[in-house]
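This report refers to the structure that appears directly beneath it.
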Amino acid sequence: MAAMLLEVQQVGLNFGGVQALTDVSFSVSQGELFSIIGPNGAGKTTLFDCISGRYTPKGSIKFNGVELVGQKSHLRPKLGIMRTFQNIALFPNETVEDNVLVGSDYRLRSGLLRSCLYWSPLGCSRQEGSHRAQAREIMAELGVEQFANVPASELAYGTQKRVELARALVAQPALLLLDEPMAGMTSGEKMEIAALVQKLNQERGITVVMIEHDMGVVMEISHRVLVLDFGQRIALGPPLEVIEDPQVRRAYLGEAV
Amino acid sequence: MLADRFDRIGAVALIACLAVVSQFMGDYHLALLTQITVFALSAMGLNMLLGNTGMISIAHAAFMGVGAFSSAYLIQNLGLPALPAILLAGLITSVVGMVFGLPSLRLKGVYLAMASFAAQIILYWAFEQSRWLTGGQDGRFAQRPVMLGISFMDSHRFYLLALAFAVLGAVANLNIERSRLGRAFNAVRDRSQAAEMMGVNVFRTKIASFGLATFYAGVAGALFGQYLEFVAIQAFSLSVSIQFLALVIIGGLGSLAGSVLGAAFIVLVPEILDTIILMFSHNTGEMAPIRLGVFGLIVVVFLLFEPQGLARAWNRTRQWALNHTGKGSQTRS
Amino acid sequence: QAEIVLGGISNRTAPTSDSGIPHMDGVLAAWKWINANGGIDGEKVKVVEIECGYDVPKTVAAFKRLAGQYKVPLVHGFGTPDSIAVIPFSTRTKTIYMPVSYAKEMVDPKKAPYYFMTNADYSTAGRSAAQFVKHKGGNLALIYNPGGFGEAPIADIKDEAKKDGVAIVAEENIGYVPTDAVQQVLKFKKAGAKYIWMGNTDSAMAVLAKDLKKQGDNAKIIGNMYAGTEAFIKNAGPDAEGHYTIYGSVPYGTIDTPAMKAIEASGYADKTNTHFIRGWAQAMLAAEAMRMLKKAGKPINGPNLKWAFEQMKNYSPGGLVPPITFTPTDHRASMVVPVFQVQNGKWVKVWDNTLPR
Amino acid sequence: MLQVQDLRVIYNRVVRVLDGISFEVPAGRMVALLGANGAGKSTTLKAVSGMLRSDGGAVASGRVLLEGRTVTGYSAVRMVRLGVMHVMEGRFLFPDLTVKENLEMGAYSQKDRRRIAKDLAQWLEFFPRLAERRSTPAGYLSGGEQQMLAIARALMSHPRMVLLDEPSMGLSPLLVREVFRIIRQIQQSQGLAFLLVEQNVKLALEIASYGYVLEQGCIRIEGTSDELKQNKHLQDFYLGINGNETVRCKQAAPQ
Amino acid sequence: MDYFLGLIINGIVVGSIYSMVALGLVLIYKATEVVNFAQGELLMIGAYICLEIIQVTGMPFLVSFLMTMGFMVILALAIERLVLRRMMGAPALAVIMVTIGIGIVLRAVVLGVWGATSIPFPEVFPRQGIDLGVVTVSQLYLWSFILSLAFMAMFGAFFKFTRVGLVMRATASSRKAAESMGVPLTKIFAIAWIISAVVSGVGGVLTGNIAGLSPELSFYGVKVFPAVILGGLDSIVGATISGVIIGVLENLGGGYLKDLTGLHGLGPVAPFFILVAILWVRPTGLFGRKNIEKL
Ligand SMILES: Nc1ncnc2c1ncn2[C@@H]1O[C@H](COP(=O)(O)OP(=O)(O)OP(=O)(O)O)[C@@H](O)[C@H]1O
Ligand SMILES: Nc1ncnc2c1ncn2[C@@H]1O[C@H](COP(=O)(O)OP(=O)(O)OP(=O)(O)O)[C@@H](O)[C@H]1O
Ligand SMILES: [Mg+2]
Ligand SMILES: [Mg+2]
């Protein structure tokens, strides 16, 4: 098996009495397409929040051998971790293009002075230009190019989801955390996004961890599936194995699957 | 944004026009123009802080004071040449601003605004205490500069200097807005937590915004002192800070045009009201409460009809003009 | 018929307009009266007043409008920072400026050659208070608004007190709109203060007087000319009794000159207080200078007015303020600083004092 | 119950989103509104419920009739009073209020305190997850929990007609079925009318009796659920029956 | 020791004036998320109106006071109807700015009608102070203390237990959600403004009693900001308690700081240093609710 990219060990977190995560451990190897499922309120999003530094949990989260817990969250993209949000966290007043550009901004080194001198030889216009071109490409790939100059808040829900994905992708992450990327899409659209995720994973070698409630998609594209319930890991394994697990059936899928 | 050619040509024409016309103006009109120009420069800073980064500062006047006093001190007491002194005053203000911006690490919204309110009170008190710097209640004189061998004693020349600074400030403002830093400002304003996870160093961005805003305030303060040839702490009081806040909101948040239009609004509306009254009587005194009330009403009514500020109204007019000249791009604004 | 146009810069809207309004009203009423009584040798005087709300840049702009567009030879002005800010422009345009702030900066002809005022400057007044305490015997405590004109004379008062052997036992601050002065009173009680110099406005002085009474402290306040006014008596009511002030003018109705009669008849009765009277005196002072020019056959302009002012010796405009003397090297209007006391709800002069120049 | 006639909606005075759509929701029935991203489904619901204005939109022309009465351009307040409740996309809870208080707010238009208490108990029973979180501020809830709360809150008002925008979004498969079961149960027991926007077309057509397909601001197809299930176009684009074929409906480009 | 105790006691009772005024600000913020910069002017106009009614009608104070409250209700309704209602969808800052504009207008009215010279307020409270041993406090402050406690209890219960209170909190939490629940926002805003204006009117009558009426009374609106923030912008209890805290701090600051530091004017500034320090530890004040950032 390839080297472990993400190692989550004994991660626990509680919110004033609510035990959101309890001793969750798993690891994701390089190049894997890994899904997390579980009932509502199981702690999936919270787990993402721990990985991306919104919360500081107990336990250890290692990425490429680097401990993430306690590190500032704005360093994640630099390390190669990028995410999307379940409830959409675009910058509502900004245009789609600016939203997407923020994703790759961590790579720009232009400070105040170079910004001020934009067009001069010392300025940052070149860098900016090339980033803009790259952003355009990815926006085209996700079919949101025509909205480039539209403020994000004026987009339909599904379109916003795509923009979020674009924002994550311009960062050229090694690890992509997707929180319900296909919620609110028709099955055709879902399939399109699923195909895209698969492509990213296979062709660009991006490791993907995805939270998704659509079992069809999960079964179809993921290599392994982690199941959480009440903040605890109740199953981990290949999709077909997990789905047969009685505990999973009871907690998540219901009897009738 | 001065994105298309129309705007760029218009801006250049406007600047050239101001530079020429100002040279033929009388003292009074020139004084107003200079004040607008300096206020606009100062407002650009506040607008980046408030409009772009979403942080309210009720201490902008106090920061202008820091710039005004320190430049006067650097020039008169330490004998520094004017140009480096003004820039250094800007930097000093910027450092002070960043120190007072530290609470932004933890505070948001109105609470941050109140921390800046505290900054205003504390700085004002410090001004009162520092007679060596500020002259205490009596204020201190500030000479107009000699720069690169040119004397700006003359009001007409001094205006050109102020205009030059304002233009530089505006260009820098636009450039910042369209580059990484500008996007980071906006991201922090809209959703700071998400921005952080997207790689924006939120704290550093906020501090940078404070530093930038107060640099503008410092330079503008220095010029303001030199325009008045006198700096008094009363010119940097709380009510002036609130006036700047009003200026930026009425002008239009996060827009360069807003800073300029807002400055013109704040300076000109009372003067125009005076002029109207003086046309009918030689006494603005009896009318003073009415004039004050009318000013308040203008603010209220204006915001009722254009809560997004003058910049938006201007944009609309511009769009209309573009459509009617047939050259307009059909982009959504 | 020719008309002389003067300028006025007032504060009728911002804080401190409680003195700004009666002051400019006094100036205007006086000119009206002067015009009605023959003007300046037949020439009428018009004042173009621009209200500036105590705002420094607005005052500078208004001054430029008055000096540049209206070409006035003289401007009636207002407070401390705004008036100081005008100094360079007044010098440059050779325009007379008459503030009602009496800060030291404006009485030095080297710094402000075109500035003339009607009263002793704040420091002289403060020194007189210290001398009064020496005269009565006792110690002195200080209370003032940190910042503003309240603080202006403090250093000089301390200096004078040291010279006079008057002990300064406490030094406190009080804002323009105090909620109470109990803390300060407790301090004064602790320090055993007998006299308290108050550098603030009438509201603050009324609060202090009430709280002194309430805490059973018999110390007496000596207010500066913005604190110890008629409004103080009205606001403090019976608690005002016995306190002192360095009054800026002769209190309303206490003398019998044509000017005072005119003031009483002016219909401004309710606004008639020291600010109004000092405004009136200011206009009369300017009128006197203009008459001197007419007599000398000189045109009325800034430099000539300056010359006329500097000829004045012990001129008391209508008896409303102590006699005024200007010289080319000294623009301190007067060194006469009497002390008044509230007796039976009225200001009564209790001590005359003339300081050496 | 609800009739929409030739409705046109614009945003920001220029961007046309709905281009003359007409449909109908009979009393006591559930009607599905289907369509791709950006087709204008949410916009349609907002236009009916009066929530358009706060988003900068406006009805440019057309009519909305509620039980024969013209209600075009009515404010949300009036629509709620007339018994129309809108569960918005993005949930729009009161983040600072607790779960319980959120539910109580749902009963804003109700007067009978006893009934409110009873309803509250009932909904907490339907969603045990919410019962556990009853005194947590709603802003802290997980996505799915918020979705449950949004639905329960809307139904607390005993509406006569509910506009549901993607109720299944973010819910686990188990809960999706549960929610749909509850919805159907309530619909049948109380005779509610539902206008349902749902991306899970299969599910939607299972519980709705009639459906409309919205594409680029126009109604393309309509029919009973059974007809729609058989529709080739629908199968291709929405039901995902043709497997992995990557298809995408071109989105309505802004003018 | 007596001195110290005196300062503390005085700080507590005098601080209740701040509590009183702070409450008005909190009430509006709690329901509308608007920081009302015209609060001080509302207070000022309340005081002037009360005086005018007393002088014109010659009615006893209590009747005039009630009539003043009636006037405040009408004023609040007018402001809401004419201005704020039309600002519904506008950005929060624009609304704040509008309150500044309203403040200017109210100030102009007072200047135009009553002028700027301070006017003594008829003595409502007995002149006789109440001797508390180390200090004598005037009855005015005692009343303000009692009233602010009563208001705290009343409004605290109002927001916690009543339906209207809940609806107000909900409206502040999410305007759009409230709208979708059928909450008539304008009505809620009107109620909030009315309550706040009435509280301000009470504050105005109390503060007017201290040193007479002058347009400078409006300073109170700004003066109480530290108290409001210290307590937490949306906390009734917070406003009440921190008003008292600020009162005590001011007294202690005025009483000791100058001798300790040799610096002038620290008294009024000291609360601001402490304010910043407290905010550093508790970014939403002592009792303010945490800002929930949704992701
Ligand atoms: N900041 C917080 N304070 C208190 N409780 C919280 C907080 N954040 C999350 N929770 C609780 O922790 C639990 C886990 O939430 P989380 O968002 O991780 O769930 P999830 O698995 O993503 O569910 P869903 O599928 O519904 O999105 C939930 O019950 C939620 O109410
Ligand atoms: N507030 C707004 N301002 C301007 N345009 C808007 C606004 N809201 C939506 N739109 C535009 O209207 C169109 C339809 O949006 P709508 O939200 O109704 O789509 P939808 O069918 O609900 O899509 P989804 O399934 O993704 O939720 C989109 O092109 C969108 O960009
Ligand atoms: Mg989740
Ligand atoms: Mg939608």
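Protein chains in written order, with this note's numbering: chain A, 246 to 502; chain B, 21 to 353; chain C, 330 to 686; chain D, 3 to 257; chain E, 8 to 302. Built from N, CA and C at the ideal position, the CB exists for glycine as well. Keep in mind the model is a prediction, meaning the values are calculated, not measured.
Apart from the five residues just before and just after residue i, which ones in its own chain have a Cβ nearer than 6 Å to its Cβ?
i: residue 102 of chain E; result: 41 and 94
i: residue 65 of chain B; result: 233, 236 and 237
i: residue 478 of chain A; result: 269
i: residue 277 of chain B; result: 331 and 334
i: residue 337 of chain B; result: none
i: residue 46 of chain B; result: none
i: residue 642 of chain C; result: 654
Return the bridge partner residues of residue i from the DSSP annotation.
i: residue 88 of chain D; result: D:165
i: residue 18 of chain D; result: D:12
i: residue 527 of chain C; result: C:472 and C:552
i: residue 167 of chain B; result: B:170
i: residue 482 of chain A; result: A:470
i: residue 34 of chain D; result: D:198 and D:213
i: residue 396 of chain A; result: A:340
i: residue 327 of chain A; result: A:421
i: residue 63 of chain D; result: D:10
i: residue 426 of chain C; result: C:404 and C:444
Within 8 Å: the Cβ of residue i and any heavy atom of ligand 2?
i: residue 45 of chain D; result: yes
i: residue 398 of chain A; result: yes
i: residue 202 of chain D; result: no
Closer than 8 Å: is that where the CB of residue i sits relative to any heavy atom of ligand 1?
i: residue 331 of chain A; result: yes
i: residue 174 of chain D; result: yes
i: residue 137 of chain D; result: no
i: residue 144 of chain D; result: yes
Identify, in the order they occur along the chain, each residue of the same chain with its Cβ nearer than 7 Å to the Cβ of residue i, setting aside the five sequence neighbours on each side.
i: residue 367 of chain A; result: 359
Ordered along the chain, which non-local residues of its own chain (more than five positions away) have a Cβ less than 8 Å from that of residue i?
i: residue 439 of chain A; result: 427, 462, 465 and 466
i: residue 397 of chain C; result: 422
Using 8 Å as the cut-off, classify the Cβ of residue i as near or not near the heavy atoms of ligand 3, replying yes or no.
i: residue 54 of chain B; result: no
Taking 8 Å as the cut-off, does the CB of residue i come closer than this to any heavy atom belonging to ligand 4?
i: residue 403 of chain A; result: yes
i: residue 57 of chain D; result: no
i: residue 489 of chain A; result: no
If we count Cβ pairs, one from each stretch, closer than 8 Å, do we get three or more for the stretch 75 to 93 of chain B versus the stretch 251 to 264 of chain B? yes
What are the residues of the stretch 42 to 68 of chain B that lie near chain G, defined by any Cβ-Cβ distance shorter than 7 Å? Annotation note: the requested chain G is absent from the structure, which comprises protein chains A, B, C, D and E.
Write down every uninterrupted run of the alpha helix (DSSP H) in the stretch 185 to 237 of chain E whose length is 4 residues or greater and which is fully enclosed by it, in chain order. 192 to 218 and 226 to 230
Three or more beta-carbon pairs under 8 Å between the stretch 343 to 355 of chain C and the stretch 594 to 608 of chain C, yes or no? yes
Would you call the stretch 579 to 587 of chain C in contact with the stretch 531 to 545 of chain C, where contact means no fewer than 3 C-beta pairs closer than 8 Å? no
Quick one: which unbroken alpha helix (DSSP H) runs of 4-plus residues sit fully inside the stretch 356 to 394 of chain C? Chain order, please. 385 to 393
State whether the stretch 41 to 52 of chain B contacts the stretch 403 to 415 of chain C, with contact taken as three or more CB pairs (one from each stretch) at a distance under 8 Å. no
Please confirm if the stretch 80 to 97 of chain E is in contact with the stretch 245 to 252 of chain E, defined as three or more CB-CB distances below 8 Å between the two stretches. no
Three or more C-beta pairs under 8 Å: does that hold for the stretch 60 to 78 of chain B against the stretch 128 to 135 of chain B? yes
Is there contact between the stretch 493 to 505 of chain C and the stretch 161 to 170 of chain B, where contact requires at least three CB pairs shorter than 8 Å? no
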